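Residue numbers (this note's numbering): 36 to 351.
All C-beta atoms, glycine included, are put in the ideal place defined by N, C-alpha and C.
Source: prediction; values computed, not measured.
Data first, discussion second: the structure below is written as structure tokens.
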Amino acid sequence: MTKILITGATGQIGSELTPALRARYGAANVIAAGHARQPSADIVEAGPYCQLDVRAATALQAIVSTHQITTIYHLASVLSAEAEASPQVAWDINMNGLLNVLDTARLHHCAVFFPSSIGAFGPQTPPENTPQDTIQRPTTMYGITKVSGELLCDYYHQRFGVDTRGVRYPGLISHKTLPHGGTTDYAVHIFHAALKEQRYDCFLKADTRLDMMYMPDAIKAALDLMEADSSRLLHRNGYNITAMSFAPEEIAAAITRRIPAFVMRYAIDPVRQAIAESWPRHMDDSAARTEWEWRPNYDLTATVDDMLATLTRNMR
Ligand code: AKB
Numbered sequence: 036m037t038k039i040l041i042t043g044a045t046g047q048i049g050s051e052l053t054p055a056l057r058a059r060y061g062a063a064n065v066i067a068a069g070h071a072r073q074p075s076a077d078i079v080e081a082g083p084y085c086q087l088d089v090r091a092a093t094a095l096q097a098i099v100s101t102h103q104i105t106t107i108y109h110l111a112s113v114l115s116a117e118a119e120a121s122p123q124v125a126w127d128i129n130m131n132g133l134l135n136v137l138d139t140a141r142l143h144h145c146a147v148f149f150p151s152s153i154g155a156f157g158p159q160t161p162p163e164n165t166p167q168d169t170i171q172r173p174t175t176m177y178g179i180t181k182v183s184g185e186l187l188c189d190y191y192h193q194r195f196g197v198d199t200r201g202v203r204y205p206g207l208i209s210h211k212t213l214p215h216g217g218t219t220d221y222a223v224h225i226f227h228a229a230l231k232e233q234r235y236d237c238f239l240k241a242d243t244r245l246d247m248m249y250m251p252d253a254i255k256a257a258l259d260l261m262e263a264d265s266s267r268l269l270h271r272n273g274y275n276i277t278a279m280s281f282a283p284e285e286i287a288a289a290i291t292r293r294i295p296a297f298v299m300r301y302a303i304d305p306v307r308q309a310i311a312e313s314w315p316r317h318m319d320d321s322a323a324r325t326e327w328e329w330r331p332n333y334d335l336t337a338t339v340d341d342m343l344a345t346l347t348r349n350m351r
């Protein structure tokens, strides 16, 4: 029987992946683990929940052993901009947390999902149609932990036979939980500001193009990859996946078409601008399409329509 542990269950991805996994595998079979002081009621009340700092290896192993976990979705991570503010803490959480998860998986025969990111690339990476296998020399601590994480997952698969799988997520747009400490966070904050104040001060330059994805596609990617036929997975860890690619001025225009009073202004954050400029503008995700039939459902228009409709409903 599949029994799942999700680390970082209260974060932007976890708060939506947890209910999706509970719907698919049964609430009692999905243990949500978070580090937040106040986890949201639906995560805590709809199924098992525990507090976990992923750096605490003994506590992690106890949870996996007690609940007879078969699969770990390891989402706990410090994001890019926050990692630049505290690089040593980011290394500790992102790398030692992942090492603990992989070693626990080795000992308890679990499969592992590890989300990498467009942050695993750097300024020397071809920015257009970024190949699956290419130069990865990131210049951020976040990126360094993501490349190292991809390699560590490969190592645990090759050396110990752990069934590790992962994707390189682009910026994620979602309405349930606000992202925290990322470079692509503007693409979520813009919706809240547009609906509340009809204006937004964007911290990236108008033409900073990056890969993006709406959360339902991000959840589908995790579920599909973990259920894919293992023998077809040539690139197990770090599949490029993308759904759309846009710059702040384009998402602002899409919002203005629906909220004509909306005005975007720019107040550039040099740290996040430099990070964004070191990332690809558009990845080639053909390996994921070929090896496990990855296909996104939401483009920019569908995302903007659904975000505005859902947030408007939630505000009533
Ligand atoms: C971030 O901006 O740090 C993340 C990411 C693209 O990995 N959203």
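Using the beta-carbon count (16 or more within 10 Å), is residue i buried or exposed?
i	result
N332	exposed
L213	exposed
P173	buried
A323	buried
A302	exposed
E163	exposed
H317	buried
Q103	exposed
E232	exposed
M299	buried
P54	buried
M176	buried
L269	exposed
V65	buried
G196	exposed
R194	exposed
S313	buried
N135	buried
Q159	exposed
Could you tell me whether any non-hydrogen atom of the ligand AKB is closer than 8 Å to the CB of residue i?
i	result
Y249	no
S50	no
G217	yes
S115	yes
G154	yes
D341	no
P162	no
P315	no
D304	no
Y177	yes
P295	no
Y301	no
P214	yes
Near residue i, what residues of its chain come up, given a Cβ to Cβ distance below 7 Å and the 5 sequence neighbours on each side ignored?
i	result
P74	T45 and Y84
A222	G206, I208, M247 and I286
D220	P214
N275	T165, Q167, R203, M318, D319, D320, A322 and A323
D242	A282 and E284
R57	V65, A81 and G82
A229	Y235, I290, I294 and F297
A256	V202, I276 and W329
On the DSSP letters alone, give me the boundaries of the alpha helix (DSSP H) that residue i sits inside.
i	result
Q86	Segment Y84 to Q86 is the beta strand (DSSP E) holding Q86; no alpha helix (DSSP H) there.
D189	M176 to F195
R324	S321 to W327
V223	Y221 to E232
A309	P305 to E312
I170	From DSSP, I170 is part of no alpha helix (DSSP H); its letter is neither H nor E.
Can you give me the Cβ contacts of residue i inside the same chain, cut-off strictly under 8 Å, excluding the 5 residues immediately before and after it?
i	result
D259	W327, E328 and W329
V63	Correcting the residue identity first, residue 63 is Ala in this sequence and not Val. Closer than 8 Å at the Cβ level, and outside the excluded window around A63, lie G82 and P83.
Under DSSP, the beta strand (DSSP E) around residue i begins and ends at which residues?
i	result
F148	A146 to F148
M279	M279 to F281
Y333	Looking at the DSSP string, Y333 is not in any beta strand (DSSP E), and its letter there is neither H nor E.
M299	V298 to Y301
M250	Here M250 belongs to no beta strand (DSSP E); instead the alpha helix (DSSP H) covers M250 to E262.
T53	Note, T53: premise wrong, no beta strand (DSSP E); alpha helix (DSSP H) at G49 to Y60.
T41	As written in the sequence, residue 41 is Ile, which differs from the Thr given in the question. Looking at the DSSP string, the run of the beta strand (DSSP E) that includes I41 is I39 to T42.
Near residue i, which residues of its chain fall below 6 Å by C-beta distance, leaving aside the five closest residues on each side in sequence?
i	result
N272	E185, C188, D189, T199 and G201
K181	S151, S152, G154 and A155
I310	S115, T175 and T218
M12	This structure cannot settle anything about residue 12, because the visible part of the chain is limited to 36 through 351.
I41	G49, T53, A67 and Y108
K211	S50 and E51
Please confirm whether any heavy atom of the ligand GTP lies closer than 8 Å to the CB of residue i.
i	result
L187	Annotation note on the ligand GTP: not contained in the displayed structure, which lists the ligand AKB as its ligands.
### Message
Just to confirm the assignment: which complete alpha helix (DSSP H) runs, minimum length 4, are found wholly within the region 118–159?
### Response
122–126 and 132–143
### Message
Quick check for students: name the residue ranges of the beta strand (DSSP E) that lie wholly in the region 94–120, counting only runs of 3 or more.
### Response
106–109
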